[in-house]
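Q:
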Amino acid sequence: MHKGLSVSLLSAALLLASCSQTPTAPQAAAPQGSDSLVATADECSTFQQYPVVVSRVDFKTKRDWLDIVKTFEPVGGSLEDGYVLLDISRPEFEQLRVTGLARGWTVKIDQTQTERHSASLKTPLGALSISGYSCYRTVEETYASAQGLVTQYPNLASWSSFGSSWLKSKGRGGYDMNVLKLTNKSVTGTKPRLLITASIHAREYTPAELTTRFAEYLLANYGKDADVTWMLDSQEVWLVLQSNPDGRKKAEAGASWRKNVNDTQACSNGLYGVDLNRNFNYAWGTGGSSADPCNETYKGVAAASEIETQNLQNLIKAAFADNRGPARTDAAPDTTSGLYMDIHSYSQLVLWPWGDTTTVAPNGTQMQSLGRKFAYFNGYTPEQSVGLYPTSGTTDDFAYGELGVPAYTIELGSAFFEACSTFTGTTLPKNQAALLYALRVARQPYTMGSGPDSVTLNAPVSVATGASFTLSASATNTRFNTSNGAEPTRTISGAEYFIDTPPWAGGTARAMTAADGAFNAATESVQATVSTSGLSAGKHMVYVRAKNNSGTYGPVSALFVTVGAATGTTTTYTGTVAAAGNSYQPSTSGFTYAGGTLKGNLTGPTGTDFDLYLQKLSGSTWSQVAASEGSSSTEAINYAAASGTYRWRVYAYSGSGSYTLTETK
7 MHKGLSVSLL SAALLLASCS QTPTAPQAAA PQGSDSLVAT ADECSTFQQY PVVVSRVDFK
67 TKRDWLDIVK TFEPVGGSLE DGYVLLDISR PEFEQLRVTG LARGWTVKID QTQTERHSAS
127 LKTPLGALSI SGYSCYRTVE ETYASAQGLV TQYPNLASWS SFGSSWLKSK GRGGYDMNVL
187 KLTNKSVTGT KPRLLITASI HAREYTPAEL TTRFAEYLLA NYGKDADVTW MLDSQEVWLV
247 LQSNPDGRKK AEAGASWRKN VNDTQACSNG LYGVDLNRNF NYAWGTGGSS ADPCNETYKG
307 VAAASEIETQ NLQNLIKAAF ADNRGPARTD AAPDTTSGLY MDIHSYSQLV LWPWGDTTTV
367 APNGTQMQSL GRKFAYFNGY TPEQSVGLYP TSGTTDDFAY GELGVPAYTI ELGSAFFEAC
427 STFTGTTLPK NQAALLYALR VARQPYTMGS GPDSVTLNAP VSVATGASFT LSASATNTRF
487 NTSNGAEPTR TISGAEYFID TPPWAGGTAR AMTAADGAFN AATESVQATV STSGLSAGKH
547 MVYVRAKNNS GTYGPVSALF VTVGAATGTT TTYTGTVAAA GNSYQPSTSG FTYAGGTLKG
607 NLTGPTGTDF DLYLQKLSGS TWSQVAASEG SSSTEAINYA AASGTYRWRV YAYSGSGSYT
667 LTETK
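Going by our numbering, the letters in the sequence shown line up with residues 7 to 671, in that order.
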């Protein structure tokens, strides 16, 4: 049920005798098993003491749950529990009571939780760690981690301010609002962007930590994982790890704090501030927000009145071109580049515009397909943002409404303060996979979201120069979460691969064939015989993509293949080793070898006894695979090496001095 129906029930029948109105008609009989629709004296007294209360709504179906949590963001309860706890104002309480008449819900105030919530709001700012939640970084720790990534990966990461928080703008402490940008700076030119903002609601711990760990994953796997490598070479990732740092600092100390900390409008309940996710200027104040400064969803005195909102709007506009006309019915072109995501908790939802109306957005069908792709990875329910009652002035409606960029809200997990075991074991891996897919399709998300995925790529890690190898993959157009509606059936109509130069850079497409002889199913095994003739020795990137029967291509997937160096390549190392000491060549980190015969010849000073070892890296451990331990100053190893990472170890069994090591591949 949507707001229009609940309001009509309220105005037509005067069913609810609340603290703010006196019934002028006989009270209607309440549905069996429900609360009385008349607000009791105790409830009125509670609202006088606590302008925002924690209410318990006992519902019946999953549809009920979805409608509620898309609108109110629960502070407790779950789908499995059959009830939800909401911190809401009196008008919202009254609306829910009336709606509950039609939906069969029980709506009542939870006095214990209301008192606990009120006490938490009086918690002062402070605390450098989050007690009981060691897996979540504080604002300071998050910022330090980001700066550490820049120090460790200077060619891939940058960290910069794009404005001040409310407190800092007033000279009262506070924070810079910073963005962490990831891309290979050596590759220039205009690149598609994925922009993620996190934890705009202060009490939501998991979004900031997920986004920080996403950055750490990308940087740690650059050069090792082919997909991460091409994505950072050719695209940019912009991450606002803490979108409401002042409010987050208050929440870290234990307060159930949602808004920023703008205290210019004092509240007797201590719930000052503005809900930043009701303050954006697109469709601001059109429903689903409050004009009461003490309400959790207070929209602010004007559209984009808050400095945090202004900063974020400017950043979004800097990240994306304007690809949509001014009318509500104007669609962005299918070729629109870039993607915006706002990460929240909790409710296990993937949402897209609009939030202020049930009307499908002009690009709503495309956003739905891509949203169902994200939900395939995290298992969440994909839905248009509008819920039981509309929301307005939100981040995703702004990004799409103003610029036409596809925009999503992901509601993570099952609690604001989610247990670390649940976060690291479930929420993190599932949603990191969803974010990786978002980055994969950022070049053209409106079309790639409905296109086929190329998965389970397989090829030899290394091949000899001039040899051929078999490349195989699975092309599938089935990876959608259809728990909330089916996607059209799409069959695979073709697949192709590229070597080193991807399709968007003018690479040469080489056809792959269907393993069963025909492209006529939603999932096809595809393959090709790839020749290395003309390829230089070393590591090469192989890209694969597929298209469906509508001619729509999905995103590329990639893998590395190393072509072996020509035989007889010789490298000479020199070094010095002390008695009973070790020396490693070419360094402690070793070298990557595609495979083949590996020879080492060691010569030390006359009269010494030096030994030679070959080690291979396995995980994080070096293991000895060959040894030459004679009693002289010369040693030799001739080893049939598989592909991998190797290093030489020179050990001075007796004596010391300089040595020469000749390596032949």
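We put the CB at the ideal spot given by N, CA and C, even for glycine.
1) Alpha carbon to alpha carbon, how far is residue 72 from residue 524? Give it in angstroms, no decimals.
2) Would you check if the distance between the CB atom of residue 412 and the CB atom of residue 451 is smaller than 7 Å?
3) Within the continuous beta strand (DSSP E) that includes residue 245, where are the two ends?
4) With a floor of 3 residues, list each beta strand (DSSP E) that falls wholly inside the segment 42 to 105, ordered by position along the chain.
5) Just reading off the alpha helix (DSSP H) that residue 147 is part of, what are its end residues?
6) Apart from the five residues just before and just after residue 660, which ones in its own chain have a Cβ nearer than 6 Å to its Cβ?
7) Whose C-alpha, out of 225, 593, 506, is nearest the C-alpha of residue 567?
8) Assign residue 16 to buried or exposed, taking buried as 16 or more other Cβ atoms, counted over all protein chains shown, within 10 Å of its Cβ.
9) What distance in whole Å lies between the Cβ atoms of residue 553 and residue 478, which are believed to be in contact at a cut-off of 8 Å?
10) Counting along the chain, where does the alpha helix (DSSP H) carrying residue 252 start and finish?
11) Residue 60 and residue 52 - do their beta-carbons sit closer together than 7 Å?
12) Give the straight-line distance between the Cα atoms of residue 339 and residue 329, rounded to the nearest whole angstrom.
13) Count Cβ pairs between the segment 348 to 367 and the segment 290 to 297 that sit closer than 8 Å; are there 3 or more?
14) Take residue 549 as the anchor and find which of 231, 197, 285 has the nearest alpha-carbon.
15) Can you confirm whether the segment 449 to 467 touches the segment 375 to 382 when touching is taken to mean that 3 or more C-beta pairs between the two stretches lie within less than 8 Å?
16) Please state if the CB of residue 287 and the CB of residue 324 are separated by a distance shorter than 7 Å.
17) Are residue 481 and residue 460 closer than 7 Å when you measure CB to CB?
18) Could you check the C-alpha separation between residue 531 and residue 562 for me, to the nearest Å?
19) Given this structure, state the Cα-to-Cα distance separating residue 586 from residue 658, to the nearest angstrom.
20) For residue 283 and residue 518, what's the separation of their Cα atoms in angstroms?
21) What residue range is occupied by the uninterrupted beta strand (DSSP E) comprising residue 139?
22) I need the straight-line Cα distance from residue 602 to residue 472, nearest angstrom please.
23) Would you identify the three-state DSSP class for residue 476, choosing helix, strand or coil?
24) Thinking just about the alpha-carbon of each residue, which of 576, 214, 187 is nearest to the one in residue 258?
25) Closest by CA to residue 93, which one among 262, 576, 299, 409?
26) What would DSSP say about residue 392, mapped onto helix, strand or coil?
27) Hey, out of 447, 346, 423, 485, whose CA is closest to residue 140's CA?
28) If you check the beta carbons only, do residue 275 and residue 57 fall under 7 Å apart?
29) Could you please give me the residues that DSSP links to residue 568 through a beta bridge?
30) Whether or not the segment 175 to 195 and the segment 247 to 258 are in contact is what I'm after, with contact meaning three or more pairs of Cβ atoms, one per stretch, closer than 8 Å; do they touch?
31) Closest to residue 351 by C-alpha separation, out of 279, 304, 205, would be which residue?
32) For residue 530, which beta-bridge partners are listed by DSSP?
33) Along the alpha helix (DSSP H) that carries residue 417, what are the first and last residues, could you check?
34) How many angstroms separate the CA atom of residue 105 from the CA atom of residue 390?
35) Should residue 280 and residue 253 be called a contact, given that it needs their Cβ atoms to be closer than 7 Å?
36) What does a CB cutoff of less than 6 Å around residue 668 pick up in its chain, not counting 5 residues either side in sequence?
A: So, from the listed chains and residues:
1) 42 Å
2) A contact, by the Cβ cut-off of 7 Å.
3) 242 to 246
4) 58 to 64, 82 to 84, 89 to 95
5) 145 to 158
6) 615
7) 506
8) Any answer about residue 16 is weak, because its pLDDT of 36 lies below 50 and its placement is not dependable; what the coordinates show is given next. Residue 16 counts as buried, since no fewer than 16 other beta carbons sit within 10 angstroms of its beta carbon.
9) A Cβ-Cβ separation of about 18 Å leaves residue 478 out of contact with residue 553 under the 8 Å criterion.
10) 251 to 258
11) No, the pair does not count as a contact, with Cβ atoms beyond the cut-off.
12) 7 Å
13) yes
14) 231
15) yes
16) no
17) Yes, they are a contact pair.
18) 16 Å
19) 5 Å
20) Their Cα atoms are separated by approximately 47 Å.
21) Looking at the DSSP string, residue 139 is not in any beta strand (DSSP E), and its letter there is neither H nor E.
22) 14 Å
23) strand
24) 214
25) 262
26) coil
27) 423
28) For residue 275 and residue 57, yes; Cβs fall inside 7 Å.
29) 468, 545
30) yes
31) 205
32) 481
33) That residue, residue 417, is in no alpha helix (DSSP H); its beta strand (DSSP E) goes 413 to 418.
34) If you draw a straight line from the Cα of residue 105 to the Cα of residue 390, it is about 20 Å long.
35) no
36) 578, 607
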